[in-house]
Every structure is written in structure tokens, then in C-alpha cells.
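In this text, residue positions in the sequence shown follow this note's numbering: the first is 313, and each later residue adds one.
Just so it is clear, CB atoms sit at the ideal spot from N, CA and C, and this is done for glycine as well.
Written below as C-alpha cells is the structure these notes are about.
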Amino acid sequence: MIRNFVSNAIKFSPRDSIIELKSESNEKEWSLAVKDHGMGMSEEVLHNLFDPVHHPSKRGTNNEKGTGLGLRLVKKLVEMHNGRIVVSSKEGEEAIFKVVLPNRS
313 MIRNFVSNAI KFSPRDSIIE LKSESNEKEW SLAVKDHGMG MSEEVLHNLF DPVHHPSKRG
373 TNNEKGTGLG LRLVKKLVEM HNGRIVVSSK EGEEAIFKVV LPNRS
């Protein structure tokens, strides 16, 4: 999961930009967020991000092409662990992918 998010952050960010990782936990859940300062995504792309039919493929900053399959697999894996993925973005500025999983009691 983490590798996919970090890999995508690198892929869609300019060279020498900063990628931030932030972990948080409380009694109920644990989360890890990966934030890049790259291309960001439009509302349309965000809306269809995990849709296998309407997933828009976008080339990375070095012209790499992706299928979006990694994101869908990560989402499925997270859901199998009763978790969720939260994505936010500002087009042309940043993207934040956050995995939230329940803490085991």
C-alpha cells in the first residue's frame, strides 16, 4: 500500500520536490498519509479515481504511463481490512492519499 502511494507521488511530482509521509493513531484507528506537491487532480479525476471503467490514465512528470490498477488493488486490500482510503487534491498543486485502518484492541 505504502509503496504504491509513494511511487505514485514520485511519478506525478517534479524532480527534487518533497513528498511527505504522516502517520497518526488513536484508540480507534491508525492512518498513514502520503502528500506530494505535484500535478494534483481535477474533481473529475478524483471522482473516477477508483472506477475501473472510467479511470482516466494520465502520464507522469517523466512521461510514464499507468493503468490505475495499483490504486484499485490497494483500495480492495484496505477494504478487506475494514479500512478506507481518503483522497484529496488541488489540481496543479498537491495530492494526499491517506489509508485509515482500524486499530486492533
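Three-way DSSP call (helix, strand, coil) for residue i in this model
{"i": "isoleucine 408", "result": "strand"}
{"i": "serine 319", "result": "helix"}
{"i": "lysine 347", "result": "strand"}
Candidates the options: closest to residue i by CA position
{"i": "valine 318", "options": "Asn415, Glu339, Ile408", "result": "Ile408"}
{"i": "isoleucine 331", "options": "Ser354, Pro414, Val357, His349", "result": "His349"}
{"i": "lysine 323", "options": "Asn360, Glu406, Arg384", "result": "Glu406"}
{"i": "glycine 404", "options": "Ser354, Asp328, Asn360", "result": "Ser354"}
{"i": "glutamate 341", "options": "Arg384, Gly382, Arg327, Asn394", "result": "Asn394"}
{"i": "serine 401", "options": "Lys387, Glu391, Leu361, Leu413", "result": "Leu361"}
{"i": "proline 326", "options": "Asn338, Met351, Ser335, Arg416", "result": "Met351"}
{"i": "asparagine 415", "options": "Lys387, Glu336, Pro364", "result": "Glu336"}
Boundaries (first-last residue) of the alpha helix (DSSP H) holding residue i
{"i": "leucine 358", "result": "355 to 359"}
{"i": "glutamate 336", "result": "Counting along the chain, glutamate 336 falls outside any alpha helix (DSSP H), though it belongs to the beta strand (DSSP E) covering 332 to 337."}
{"i": "arginine 384", "result": "381 to 392"}
CB-CB length for residue i against residue j, believed under 8 Å
{"i": "leucine 333", "j": "valine 346", "result": "6 Å"}
Where the beta strand (DSSP E) through residue i begins and ends
{"i": "serine 401", "result": "396 to 402"}
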